[in-house]
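Numbering (full-length UniProt numbering) for the sequence shown: 1 to 259.
All C-beta atoms, glycine included, are put in the ideal place defined by N, C-alpha and C.
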Amino acid sequence: MDKVVASASEAVADVPDGASLTVGGFGLSGVPEALIQALYDAGVTGLDVFSNNCGALESGLAVLLTAGRIARVTGSYIGGNKEFARQYLGGEIELELIPQGTLAERLRAGGCGIPAFYTPAGVGTLVADGGLPWRYGADGGVVVASPPKEVREFDGDEYVLERGITTDFALVRAAKGDRHGNLVFNKSARNFNPLAAMAGRVTIAEVEELVEPGGIEPDQVHLPGIFVQRVVALTAEQAVDKKIENLTVSTREDREVRS
């Protein structure tokens, strides 16, 4: 039952080239930085990644993206990642762009053993009708486009069929975890992490604080250990090393106006 692995590099040692990978995080919040860096150090390439976005500020998945280690991304946000946009528009990477809620539900469905589900999100758009550019050619033309999806009517409304997602591995980050793999996430850092963990056949969690079994009250567990196969305890330095994407500070005049 003890799922603790000595290091991030040991935890990802069996991730092969071409593996499918679900990664938790949203922007810079709740990103498994240590595990991603370990994959980079191992030289793994050709990855098929499922994640909300693909890193930011040259951190997170951007480390693998910039190095050309990612072949395909299924996600819902490109954002301000100029390198991601450049690779996509230049035909260097394939991108399946889907609604954010659909991504979350596809991960949850995969983790629950549900092969597919119907949703109204995307009906009447290219998401359902097909034709979204998945891959561009060097000349800017569309080489691979999304296929049309099944649409059915229920009680007078149309719904599109979406497939559940399961991947070879999942990488997540939690605020606290025990040796059995039970995890607790901190506020917004929870984001896609529980869903990503559920979708992985082998889920690896880096935790900021490792406690013994019983150190987490059952009602406090956000993700039960049955979904987690490996746990890596971060060092104190790694646990507090958290970047800020957009820092906004108020002036004295702003505070006086609000008061």
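Integer Cβ distance of residue i from residue j, believed to fall under 8 Å
{"i": "A38", "j": "V12", "result": "5 Å"}
{"i": "L47", "j": "A8", "result": "In fact, because the Cβ distance is near 16 Å, the residues do not count as touching under 8 Å."}
{"i": "A170", "j": "T45", "result": "Rounded, the Cβ-Cβ distance is 19 Å, inconsistent with contact."}
{"i": "F192", "j": "F26", "result": "6 Å"}
{"i": "E208", "j": "V232", "result": "Actually they are not in contact, since the Cβ atoms of E208 and V232 sit about 11 Å apart, beyond 8 Å."}
{"i": "T125", "j": "V172", "result": "Not a contact, Cβ separation roughly 30 Å."}
{"i": "V144", "j": "W134", "result": "4 Å"}
{"i": "F50", "j": "I216", "result": "The Cβ separation is near 27 Å, so there is no contact."}
{"i": "G156", "j": "S146", "result": "In fact, because the Cβ distance is near 27 Å, the residues do not count as touching under 8 Å."}
Residue i classed as buried or exposed, judged by whether at least 16 other C-beta atoms fall within 10 angstroms
{"i": "A116", "result": "exposed"}
{"i": "R163", "result": "exposed"}
{"i": "R201", "result": "exposed"}
{"i": "D178", "result": "buried"}
{"i": "L247", "result": "exposed"}
{"i": "K176", "result": "buried"}
{"i": "G110", "result": "buried"}
{"i": "E33", "result": "buried"}
{"i": "T251", "result": "exposed"}
{"i": "T235", "result": "exposed"}
{"i": "A138", "result": "exposed"}
{"i": "G18", "result": "exposed"}
{"i": "G24", "result": "buried"}
{"i": "R152", "result": "exposed"}
{"i": "K3", "result": "buried"}
Residue span of the alpha helix (DSSP H) that contains residue i, given as start and end
{"i": "P194", "result": "N193 to A199"}
{"i": "T102", "result": "Q100 to C112"}
{"i": "F84", "result": "K82 to L89"}
{"i": "T45", "result": "Run containing T45: none; DSSP gives neither H nor E here."}
{"i": "T119", "result": "Run containing T119: none in the alpha helix (DSSP H); it sits in the beta strand (DSSP E), A116 to T119."}
Residue range of the unbroken beta strand (DSSP E) whose run includes residue i
{"i": "R135", "result": "P133 to Y136"}
{"i": "I70", "result": "I70 to G75"}
{"i": "S9", "result": "Unbroken run through S9 is the alpha helix (DSSP H), A8 to A11; no beta strand (DSSP E)."}
{"i": "L161", "result": "D157 to R163"}
{"i": "T251", "result": "Element bounds for T251: n/a, residue is neither H nor E."}
{"i": "T167", "result": "T167 to D178"}
{"i": "A56", "result": "Counting along the chain, A56 falls outside any beta strand (DSSP E), and DSSP gives it neither H nor E."}
{"i": "E94", "result": "E94 to L97"}
Beta-carbon spacing of residue i, residue j below 7 Å
{"i": "residue 262", "j": "A174", "result": "There is no way to answer for residue 262, as the model of the chain reaches only from 1 to 259."}
{"i": "K243", "j": "S29", "result": "no"}
{"i": "L132", "j": "K149", "result": "no"}
{"i": "A121", "j": "T102", "result": "yes"}
{"i": "P213", "j": "H180", "result": "yes"}
{"i": "V15", "j": "I36", "result": "no"}
{"i": "residue 289", "j": "A104", "result": "Absent from the structure is residue 289, since the part of the chain shown begins at 1 and ends at 259."}
{"i": "E83", "j": "V123", "result": "no"}
{"i": "C54", "j": "V73", "result": "yes"}
{"i": "T119", "j": "S20", "result": "no"}
CB contact check: residue i to chain C, cutoff 7 Å
{"i": "F117", "result": "Annotation note: the requested chain C is absent from the structure, which comprises a single protein chain."}
The region 60-80 contacting the region 95-108, beta-carbon criterion three pairs below 8 Å: yes
Segment contact, 8 Å Cβ cut-off, at least three pairs: the region 197-205 with the region 213-231: yes
Touch test, the region 82-96 against the region 234-241, Cβ-Cβ under 8 Å, three pairs minimum: no
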